[in-house]
Amino acid sequence: MSFSLTTEQILAMAPDAASAKAGRSLAARSKWVTVGANDQALWGECQGSGKTPYQVQVDLATGDLAYRCSCPSRKQPCKHILGLLLLRATDADAFAATTPPDWVADWLAKRAQAAQKRSEQHEQRQVSDPAAQAKRAIAREAKIRAGLQELEQWLHDLIRQGLADAPGHPAAFWFTPASRMIDAQAPGVARLLRELAGIPNSGPGWQGRLLEHLGRLHLLIEGFKRLETLPPDIQTDIRTTIGLTIREDDLRNQPGIRDHWLVLGQRVETEDNLTVQRTWLWGQTSNRPALVLSFATGNQPLDRSLLPDTSLEADLVFYPGAVPLRALVKTRHTPVARLDPSLLPGIPTINAASASYAAALAAHPWLERYPFLLREITIVYRDGSWAVRDAEGYTLFCPPHFATGWQLLARSGGHPSILAGEWDGTYLLPLNLWTIAEGV
Amino acid sequence: MTQYAAPEATTGSMYGTLWQELITHALLGTARQPLRLPPPDAPVTTVLAGLDPAEPERAVLGAAAVLSLYRQAGRLPPVDRTPVPRPCPPDPQPVCSAQAAQHLALMLDGTHSAALPEWLAAVAAAGQRVPEQHLVALLELGQKKVDLQAAILPVLGERGRWLATQNPAWEYACPQPTAEELLADVSRLNAIWETSTRATRQALLTRLRAQSPLTARALVETTWKSEKADDRAAFVATFATGLSMDDEPFLEAALDDRSKEVRRTAASLLSRLPESRLVQRMIARVQPLVTWKPSPPARIGVTLPDVCDKAMIRDGIEPKPPRHVQIGERAWWLQQMISATPLAFWTQTWNTTPADLLAAVRLNVEWCEPLLEGWRMAARNQQDQTWVDALLTAGEITDRTEDLLYLLSPEQCEAHILRLLQTHPEPLQSTHPAFALLMVHRSAWSLDLTRAVLASLRQRTARQPTHYDYLMRSMFHIIATCLAPELLATASAGWPTDSQYWPCWEPDIKNVLALLHFRHDMLKEFSQ
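Chains A and B, in that order, are what the protein sequence lines are.
Heads up, the final residue of the first sequence is numbered 440 in my numbering, and it's a clean run with no missing numbers.
Heads up, the final residue of the second sequence is numbered 1528 in my numbering, and it's a clean run with no missing numbers.
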């Protein structure tokens, strides 16, 4: 394949800033004893502090950009991998097209074998003990039911006494019921409760925001109480919001939607010890969004196989629900290629995007984020706030702490651009921007 | 501007009223008042009618869920029709190569950032610009490092200049009106003059002085009487640019200013004008006091002045020497007179050269210092390269007056370093006479100089340890940014790695070579 990664995409793979910096330092031909490439792989030998140079290799043929380095670093990818990729992105001439040395050929062969084995195993795998699993599920639901009952009482007490005192409550006031919901195995509800803690001191209008969140929580409790009476999609949404997620393995067996998927952007957030990576995709033909989540605790690496500004032909299986957004990549049909901005469909006006959000919210009241892919918008900065505006003048605001507005403005040059962002009902968080001139 | 307030506004509709009532209710608490549900006369209130007032908490929460969802789904984005800034025009300047951009990113990140000025100069020389994604970091860097601003401006391109116009913090990078444009628009000029800060006004004056000293002076005169002392001193200092006899009457009048700083600056500027009245008065004072006897060996005779009168003080002569200067009062007066006398006066009147004068003055053992110091000050004030060169050749530049070296041209500087390295073959260290010049000579070194310094350093590393020579170690930083990168191969080899002192030198030398290597790769991107 042709190498299509940009330096930005490669740096986005870096596990931390130090690795990115070190990788950049290694992106010079003089740092490498040998480098080489063919259609399938990229390799090089980098002189480290030891006697033998590190053997660095990247498998380009499989879609998910696998790599290996013989250095002892536990960071994934290490600085040598990043350096090799960066060198390839900025100085392609340095790479002689040759046959790979034995250490590369061996690794590629092993990878092919392992992939074969995995797919065979996967077909054989079955649920270990369906009866025990069903029993566990019933026990968990009972726990949740009890927990939500207790929470309902807490919520009613709160409303009975009034919300006026809320700004004076210590954080523990909100965190205690949140911990109880963790005990009740309803982590989704716990998260909603923790989010409440910040609202009473979030500035003017907190009363409305707090009541809004409490209303949404109430709706969830009520919904769970009469779960069986609701349509299946809404049942799923309620279960997912509470934290009863569907197992990935169960989804993998279902048919996927094949499309040319454009990777629009990525957002990584860390709460406590859990890092969540949201990758937004858009189907070129299906013209629908998809969200791929990756979770990591502690120093675990996030899944870096979907890089913004790339695209791939793949089957995606969507998690069920009234507004199916979350998906997993079931099968990749092509390796990643660079995203061609002229293929971005998008919605021409902010009004149309708002209408699609309203429809989604009506179907899924607990929807937290909805992707907007807007065409022909302009980045606006006024009085210290960033906003995006369409040709009709309709305006959406970026979050107050949005920090990379100048970068977007530098890239757009004030020309109408295509923008991908996350809309949370109040603010639009920009994820990526393409100038239309680039797409022509 | 209401549309730019936090998007929290509720409409004055029925919905808005309902929502506000519900918030009030929830704030007070259901324990304090009964819940009243609205009549089911609209779709949303019909939904609310399904709630049971007998369970007020559930009803309030249910209504909150319904109304807030209703609001969120139905909200229309605000419309803003205020004009947006004109988009950035297309840029004919080509972007630098991807590899060059990679080097920039590395330096912006803090690695090898000592080479950034050189990189910026190379991009500018190649007529290229910085890619869009690095503009913000570069503009922010210029905001923090004022000395980099001039090098940043040429590589910003249309996009960078366009971006800078939208962020007040990047004003330095905005296209500035040229002096011609300002001169053509007097009302705008006056408006800027009357409303700007001292720094902006000073910068404006300096720019105007280069084009039209007369206009600049006229502008200063419009508000001169009402300016504060610090401002007056700052403005009169800009007269150094484009200084001529046209300024003489104004400066002569400034000798009577209330502010000492203004008087001092005016006197200093007047002493650079050989025809000024101040210079004539100074010559009349000094001529009878200093005499020249050309019979070989040439000698200089000195008589000290008897008094320091009011006229002398007006011309900038300080009656009392500063406490830290060990000098008699009368010698101090003479020294100041010499420093305010044009250097050309001596060589012309006595038909001699600076070198001969410097040789002769040493023969006057008693009054040699006031004369030398006077000439050094004159050379500094009059920015006379020939005299600095002669002082340096004669070995008359002391540690205390090393700032004079900055007046030398790079060629003069390099010639002196090469000469000193040859005449003083001991290995380079901070006490070497060439050391101070090496610290001054920041521009790229020639191949000859690079070879000479490398040779000297190799000797040093073979023979002596580093310890305690901190100045020497600080010089590595400069060496690394100045060595000619063409000689990378030469520089990398030939170090005395088996010397017993090598381990203590190795880290510094390795750093020097790493930066040299980087500069070599970096400049290669611009050599095709």
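Quick reminder that beta carbons are idealized off the backbone N, C-alpha and C, glycines included.
Treat the numbers as computed from the prediction; the structure is a model and nothing was measured.
On the DSSP letters alone, give me the boundaries of the alpha helix (DSSP H) that isoleucine 199 of chain A sits inside.
First-last for isoleucine 199 of chain A: undefined, no H or E at that position.
Residues that asparagine 432 of chain A bridges to, as DSSP identifies them
Partner(s): A:Ala420.
Under 7 Å by beta carbon: chain C residues contacting valine 1047 of chain B:
Absent from the structure: chain C. Protein chains present are A and B.
Identify which residue in B:Cys1096, B:Val1044, B:Pro1034 and B:Arg1032 has its Cα closest to the Cα of aspartate 1016 of chain B.
The displayed chain sequence assigns glycine, not aspartate, to residue 1016 of chain B. Taking only the C-alpha atoms, the option nearest glycine 1016 of chain B is B:Val1044.
Using a Cβ cut-off of 7 Å (strictly closer), state whether glycine 1029 of chain B contacts chain A.
yes
DSSP three-state call for alanine 1124 of chain B: helix, strand or coil?
Reduced to three states, the DSSP call for alanine 1124 of chain B is helix.
Taking only three categories from DSSP, how would you classify valine 1155 of chain B?
helix
Beta-carbon separation (whole angstroms), glutamate 1158 of chain B vs alanine 410 of chain A, contact threshold 8 Å
Wrong, their Cβ atoms sit about 12 Å apart, outside the cutoff.
When the cut-off is 7 Å and only beta carbons count, does serine 202 of chain A lie next to chain B?
With respect to chain B, the C-beta atom of serine 202 of chain A has no partner C-beta closer than 7 Å.
DSSP three-state assignment for histidine 401 of chain A, whether helix, strand or coil
Note: histidine 401 of chain A maps to coil in three-state DSSP.
Beta-carbon neighbours of leucine 211 of chain A, restricted to chain B and to distances below 8 Å
Leu1022, Ile1023, Ala1026, Ala1064 and Ser1068
In the stretch 206-290 of chain A, which residue ranges form an unbroken alpha helix (DSSP H) of at least 4 residues, counting only runs that do not cross its ends?
206-225, 232-242 and 248-252
Minimum C-alpha distance to alanine 1065 of chain B - residue among A:Ala403, A:Thr435 and A:Leu220
Taking the Cα of alanine 1065 of chain B as reference, the smallest distance to any Cα among A:Ala403, A:Thr435 and A:Leu220 is reached at A:Leu220.
Apply the 10 Å Cβ neighbour rule to alanine 1006 of chain B and answer buried if 16 or more other Cβ atoms are within range, or exposed otherwise.
For alanine 1006 of chain B, the predicted model reports a pLDDT of 38, less than 50, meaning its position is unreliable and no value from the coordinates is stated.
Given this structure, state the Cα-to-Cα distance separating serine 1068 of chain B from leucine 217 of chain A, to the nearest angstrom.
When only Cα atoms are considered, serine 1068 of chain B and leucine 217 of chain A end up about 12 Å apart.
Boundaries of the alpha helix (DSSP H) in which lysine 1524 of chain B is found, first to last residue:
Start and end: 1502-1524.
Going along chain A, which residues have a C-beta under 8 Å from glycine 1074 of chain B?
Chain-order list of chain A residues neighbouring glycine 1074 of chain B: Ala358, by C-beta distance under 8 Å.
For aspartate 1356 of chain B, which residues in the same chain have their Cβ closer than 7 Å to its Cβ, ignoring the five residues on either side in sequence?
Ala1298
Reference aspartate 1080 of chain B, options A:Thr378, A:Asn253 and A:Ala296, closest by Cα
Taking only the C-alpha atoms, the option nearest aspartate 1080 of chain B is A:Thr378.
Can you tell which of A:Arg326, A:His260 and A:Trp366 has its C-alpha closest to the C-alpha of leucine 339 of chain A?
Among A:Arg326, A:His260 and A:Trp366, the Cα nearest to that of leucine 339 of chain A is on A:His260.
Look at the alpha carbon of glutamine 407 of chain A and the alpha carbon of glycine 413 of chain A, and state the distance between them as a whole number of angstroms.
Distance between the alpha carbons of glutamine 407 of chain A and glycine 413 of chain A: 10 Å.
Got a sec, what are the start and stop residues for the beta strand (DSSP E) lysine 1144 of chain B sits in?
Not the beta strand (DSSP E): lysine 1144 of chain B falls in the alpha helix (DSSP H), residues 1135-1144.
Are any of the Cβ atoms in chain A nearer than 7 Å to that of threonine 1223 of chain B?
no
From what residue to what residue does the alpha helix (DSSP H) around arginine 1264 of chain B run?
1260-1270
Which of the three DSSP states, helix, strand or coil, is assigned to glycine 36 of chain A?
It is a strand residue.
At least one CB of chain B closer than 7 Å to the CB of alanine 362 of chain A: is that the case?
yes
Return the chain-ordered list of same chain residues with a C-beta closer than 7 Å to the C-beta of glutamine 1166 of chain B, the five sequence neighbours on each side being excluded.
The beta carbon of glutamine 1166 of chain B is closer than 7 Å to those of Pro1085 in its chain, skipping five residues each way along the sequence.
For the alpha helix (DSSP H) containing cysteine 69 of chain A, name the first residue and the last one.
From DSSP, cysteine 69 of chain A is part of no alpha helix (DSSP H) but of the beta strand (DSSP E) over 66-69.
Using a Cβ-Cβ cut-off of 8 Å (strictly less than) and excluding sequence neighbours within five positions of proline 1040 of chain B, which residues of its own chain qualify?
Thr1046, Leu1048 and Ala1049
Quick check on the burial criterion: 16 or more other C-beta atoms within 10 angstroms. Buried or exposed for valine 1440 of chain B?
buried
Between the stretch 235-243 of chain A and the stretch 320-330 of chain A, can you find at least three pairs of beta-carbon atoms closer than 8 Å?
Enough Cβ pairs lie closer than 8 Å, so yes.
Simplified DSSP state of tyrosine 427 of chain A, which is helix, strand or coil
coil
Contact residues within the stretch 1163-1177 of chain B, judged by C-beta distance below 8 Å to chain A
Leu1163, Gln1166 and Asn1167
Chain B residues whose Cβ lies nearer than 7 Å to that of tyrosine 381 of chain A
Gln1166
Close beta carbons around threonine 1353 of chain B, own chain, < 7 Å, minus the five adjacent residues each side:
Thr1347
Other residues of its chain near asparagine 38 of chain A: CB distance less than 8 Å, five sequence neighbours each side excluded:
By the criterion of a C-beta distance shorter than 8 Å, asparagine 38 of chain A is surrounded in its chain by Ala97, Thr98, Thr99 and Pro100, once the five residues flanking it on both sides are discounted.
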